[in-house]
Amino acid sequence: MRISSVPSKVLNNMVHFLAPYEQAVDELKLKIKGIKYGFQKSGRYSPIEFVVGRVKKVDSLMKKAKEKGIDFQDENWQEAIAREVSDIAGLRVVCRYVDDVREVQQLLQEREDIVIHDIKDYIASPKDSGYRSIHMIASYTVYHGSEKINLFCEIQIRTLGMNFWATNEHELRYKYSGNIPENVLEQLQEASVITHQLDILMNNLRQEILTPAEVDPTLEDKLEEIFSLYVKQDLEAASALYREHVRGFEEAFADNPKFKMIYDLLGKRLG
Numbered sequence: 001m002r003i004s005s006v007p008s009k010v011l012n013n014m015v016h017f018l019a020p021y022e023q024a025v026d027e028l029k030l031k032i033k034g035i036k037y038g039f040q041k042s043g044r045y046s047p048i049e050f051v052v053g054r055v056k057k058v059d060s061l062m063k064k065a066k067e068k069g070i071d072f073q074d075e076n077w078q079e080a081i082a083r084e085v086s087d088i089a090g091l092r093v094v095c096r097y098v099d100d101v102r103e104v105q106q107l108l109q110e111r112e113d114i115v116i117h118d119i120k121d122y123i124a125s126p127k128d129s130g131y132r133s134i135h136m137i138a139s140y141t142v143y144h145g146s147e148k149i150n151l152f153c154e155i156q157i158r159t160l161g162m163n164f165w166a167t168n169e170h171e172l173r174y175k176y177s178g179n180i181p182e183n184v185l186e187q188l189q190e191a192s193v194i195t196h197q198l199d200i201l202m203n204n205l206r207q208e209i210l211t212p213a214e215v216d217p218t219l220e221d222k223l224e225e226i227f228s229l230y231v232k233q234d235l236e237a238a239s240a241l242y243r244e245h246v247r248g249f250e251e252a253f254a255d256n257p258k259f260k261m262i263y264d265l266l267g268k269r270l271g
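Numbering of the sequence shown is given in UniProt numbering, commencing with residue 1 and proceeding in unit increments.
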């Protein structure tokens, strides 16, 4: 739809119409970043790598409105667009791992200030192009001046790999005006499969890292032996025994008073 064919009154009102959506994007970006900083401040790993947002450009919005059959000659065109176009405001949350994507999805679903209306899982069921992501249609309330406005926004959640693939696919669609050659489409499909395989591999490796090492039941006896050596002032032997049998299992003994005492007493000798 050409902007020149849109009534000038509509175009003049478009800035006012889009302002609450810009406010919503700014507020939601801040709140999602708050989730990330909350994890980091408490010393925990954050499932959120970064978040970006945007408001649909006027020409893109006009095209989408035409597809929805919205008549700009109608004095209620603003209400029609707000009701029919759910991705005027868009947020993209990017994570490292597939498990992180699922965690962020759950975190957003549990929030009281964001109401989720629809979820499309393009990870479990990717698009024909190979595109993968989670798409959530949500409603969010902004207080814009004296107005209380409830509006729709789209939230996408992706891994770094999915985001890299989608960015390149978008640029190719722009370059070829939406008519990507068949051989390029095939390469995109192949790249999507490789990217997904890498995501799964890295997710599995992360699970391996997070899985606690199996604890030898005789380690408790080793702690007793190390402590006994320390009492006898045989510090070198105590340190050597610690490095041989206990190192790497510190997390398993984090709540053990004797372990903490041994660790504190041997100090730099354990380096």
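Virtual Cβ for every residue (Gly too), placed ideally from N, Cα, C.
Please read these numbers as outputs of a predicted model, since none were measured by experiment.
Give me, in chain order, the residues of the same chain whose beta-carbon lies closer than 6 angstroms to that of residue i; leave out the 5 immediate sequence neighbours on both sides.
i           : result
Asp100      : Pro47
Met1        : Because Met1 carries a pLDDT of 49, less than 50, the predicted location of this residue cannot be relied on, and no value is offered for it.
residue 326 : No information on residue 326 is available, as it lies outside the stretch 1 to 271 that the chain covers here.
Ile149      : Pro20, Val142
Arg132      : Tyr122, Ile123, Pro126, Met162
Leu201      : none
Lys68       : Glu84
Using a Cβ-Cβ cutoff of less than 7 angstroms, which residues in the same chain neighbour residue i once the five nearest sequence positions on both sides are dropped?
i      : result
Gln187 : none
Ile70  : Trp77, Ala80, Ile81, Glu84
Leu198 : Gly161
Ile114 : Leu108, Ala138, Tyr140
Ala238 : Ile226, Leu229, Tyr230, Leu266
Lys33  : Val51
Glu190 : none
Leu205 : none
Val184 : Leu172
Once the 5 residues before and after residue i are set aside, which same chain residues still bring their CB inside 8 angstroms of it?
i      : result
Val193 : Gly130
Ala19  : His144
Asn13  : Gln78
Thr169 : In the sequence under discussion, the amino acid at residue 169 is Glu, which differs from the Thr named in the question. Cβ within range, chain order: Ser129, Gly130, Tyr131, Leu188.
So residue i packs on residue j, CB below 8 angstroms; how close in whole Å?
i           : j      : result
residue 294 : Val93  : Shown here, the chain extends from 1 to 271; a query on residue 294 therefore has no answer.
Val104      : Asn203 : With 8 angstroms as the limit, Val104 and Asn203 do not qualify as a contact, their Cβ atoms being about 14 angstroms apart.
Tyr78       : Phe164 : Correcting the residue type first, residue 78 is Gln in the shown sequence and not Tyr. At roughly 37 angstroms, the Cβ-Cβ gap does not stay under 8 angstroms, so Gln78 and Phe164 are not in contact.
Cys95       : Thr159 : 6 angstroms
Leu91       : Leu28  : 5 angstroms
Val25       : Arg44  : In fact, because the Cβ distance is near 27 angstroms, the residues do not count as touching under 8 angstroms.
Phe72       : Val10  : 5 angstroms
Ile119      : Ile134 : 7 angstroms
Ser60       : Phe152 : That belief does not hold up - the Cβ atoms of Ser60 and Phe152 are roughly 16 angstroms apart, past 8 angstroms.
With DSSP as the reference, please indicate the residues paired to residue i in a beta bridge.
i           : result
Gly38       : Answer by DSSP bridge pairing: none, since Gly38 is not bridged.
Ile137      : Asp118, Glu154
residue 284 : The structure shown has nothing for residue 284, since the chain only spans 1 to 271.
Tyr143      : Lys148
| request: Any chance you could list the beta strand (DSSP E) runs of at least 3 consecutive residues sitting entirely within the region 183-236, in chain order? | output: Qualifying beta strand (DSSP E) stretches: none in this window.
| said: Quick check for students: name the residue ranges of the alpha helix (DSSP H) that lie wholly in the region 73-135, counting only runs of 4 or more. | reply: Correct list: 77-84, 98-109.
| said: List, from N- to C-terminal side, the beta strand (DSSP E) runs of 3 residues or more that fit wholly inside the region 148-180. | reply: none
| query | Counting pairs of beta carbons, one from the region 163-177 and one from the region 105-113, are three or more of them closer than 8 angstroms? | reply | Between the region 163-177 and the region 105-113 there are fewer than three inter-stretch CB-CB distances shorter than 8 angstroms, so the stretches are not counted as touching.
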